[in-house]
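For the sequence shown, our numbering gives the first residue as 728, with consecutive numbering after it.
C-beta: ideal position from N, C-alpha, C; glycine also.
Working notes, beginning with the structure itself.
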Amino acid sequence: MGLLILAQTRGGSRLHADPSAKGSIQPHTYLEGLHRTEALTRWSSEQLLTSVLPAGDSWGILAFLCATLWNLPVVPALNSTDQVTTRQSIQQTYDLTRYLEHQLHALAATYLNYLGPPFNEPDFDPPRLIGAEAVPSATVDFQLWRSLNDNARLAANYQAYSHLLCYLRTMDGATPTAMPTLRHSLAHFRASLQGLLGSIAGIMASLGYPLPPPVPDGTPTPNSHFLRKMDDFWLLKELQTWLWRSAKDFNRLRKRVPPSAVMLHLETRGF
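Following this line, the structure appears as structure tokens:
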């Protein structure tokens, strides 16, 4: 069984043959094993040319090449697979974060108007209180962010969105039924964010990273209606910051994961 790997590179494509490990890309071409058939163990290529073909016989050379090509390994059709590669998953997750950023921009404007003054005022910046403190902050030192490995980067995103989803459910439940448009927007955004969390979990699994421990059920309940609005305000703000950071995280991660390889399996047969 031989294995050909078509490596997709920035400069084009290279064809490698590798009879060893599946999926490995070698820096040069190996064609060992293709001459180890029953016929060629008795005759070397040089012996075949000198014994079968007279000197200057171009038709004989052509006939020999045709016979050789006829007995080359049979190449079956390339079997395409529906399973996306890790790099494609990272790209799709990056695209989803950018879509969620756009979606949140419209949702936040509607929800802040629902909260009313002073929450819908542009310069309003209250302190971070109560339940919002349980959500991991997206703000981090730049050098520390750059030094994070892939596992820590993905785990931070997974933990943050697990917490944020819990608070979104609380917000959705507290939204009055008299505002069906806002409730629909919240439900749609929450479903999209749940999809983002699932995508992060899938990437971690494909890279062999364990998932962080699950978030405990339940969220702290503020003591007053105003403090609940404060939590809602900070939730939207953290969502905005986390989505911005996640886009940076996945953009950095997709550059670190090597391009996918299209593998072509060859089934050889004897001469």
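For residue i, which of helix, strand or coil comes out of DSSP?
{"i": "residue 957", "result": "helix"}
{"i": "residue 899", "result": "helix"}
{"i": "residue 951", "result": "coil"}
{"i": "residue 907", "result": "helix"}
{"i": "residue 976", "result": "helix"}
{"i": "residue 938", "result": "coil"}
{"i": "residue 813", "result": "helix"}
{"i": "residue 778", "result": "Low confidence applies here, because residue 778 scores a pLDDT of 48, under 50, leaving its location unreliable; read the following figure in that light. Reduced to three states, the DSSP call for residue 778 is helix."}
{"i": "residue 760", "result": "Since pLDDT at residue 760 reaches only 37, below the 50 mark, its modelled position is unreliable, and no value is offered."}
{"i": "residue 981", "result": "helix"}
Going by C-alpha to C-alpha distance, which of the options sits closest to residue i?
{"i": "residue 939", "options": "885, 905, 955", "result": "885"}
{"i": "residue 829", "options": "908, 970, 976", "result": "970"}
{"i": "residue 961", "options": "865, 980, 921", "result": "865"}
{"i": "residue 837", "options": "868, 936, 892, 906", "result": "906"}
{"i": "residue 933", "options": "913, 877, 869, 957", "result": "877"}
{"i": "residue 820", "options": "925, 954, 942, 951", "result": "925"}
{"i": "residue 899", "options": "941, 870, 963", "result": "963"}
{"i": "residue 831", "options": "927, 904, 915", "result": "915"}
{"i": "residue 845", "options": "953, 983, 979, 978", "result": "953"}
{"i": "residue 1066", "options": "959, 881, 875, 941", "result": "The chain is shown only over 728 to 998; residue 1066 falls outside these bounds and no answer can be derived."}
{"i": "residue 919", "options": "984, 942, 895, 968", "result": "895"}
Around the Cβ of residue i, are there at least 16 other Cβ atoms within 10 angstroms (buried) or fewer (exposed)?
{"i": "residue 965", "result": "buried"}
{"i": "residue 890", "result": "buried"}
{"i": "residue 976", "result": "buried"}
{"i": "residue 826", "result": "exposed"}
{"i": "residue 956", "result": "buried"}
{"i": "residue 851", "result": "exposed"}
{"i": "residue 883", "result": "buried"}
{"i": "residue 839", "result": "buried"}
{"i": "residue 871", "result": "exposed"}
{"i": "residue 902", "result": "buried"}
{"i": "residue 868", "result": "exposed"}
{"i": "residue 873", "result": "exposed"}
{"i": "residue 799", "result": "Legend: pLDDT at residue 799 = 47, less than 50; position of this residue unreliable, no value from coordinates given."}
Taking residue i and residue j to be in contact with their CB atoms under 8 angstroms, please state how far apart those CB atoms are, rounded to whole angstroms.
{"i": "residue 935", "j": "residue 816", "result": "Rounded, the Cβ-Cβ distance is 14 angstroms, inconsistent with contact."}
{"i": "residue 923", "j": "residue 823", "result": "5 angstroms"}
{"i": "residue 835", "j": "residue 862", "result": "Not quite, the Cβ-Cβ distance comes to about 16 angstroms (not below 8 angstroms), so this is no contact."}
{"i": "residue 972", "j": "residue 818", "result": "Not really, about 18 angstroms apart at Cβ, beyond 8 angstroms."}
{"i": "residue 984", "j": "residue 814", "result": "5 angstroms"}
{"i": "residue 931", "j": "residue 875", "result": "About 14 angstroms separates the two Cβ atoms, so there is no contact after all."}
So, is the C-beta of residue i closer than 8 angstroms to a C-beta in chain B?
{"i": "residue 972", "result": "The structure shown contains no chain B, having only a single protein chain."}
Given 7 angstroms as the limit, tell me if residue i has its C-beta closer than that to any heavy atom belonging to the ligand SAH.
{"i": "residue 817", "result": "Looking at this structure, you won't find the ligand SAH or any other ligand, since it has none at all."}
Entirely enclosed alpha helix (DSSP H) segments - the segment 820 to 902, minimum 4 residues: Within the segment 820 to 902, the complete alpha helix (DSSP H) segments of 4 residues or longer fall at 869 to 874, 877 to 901, listed in chain order.
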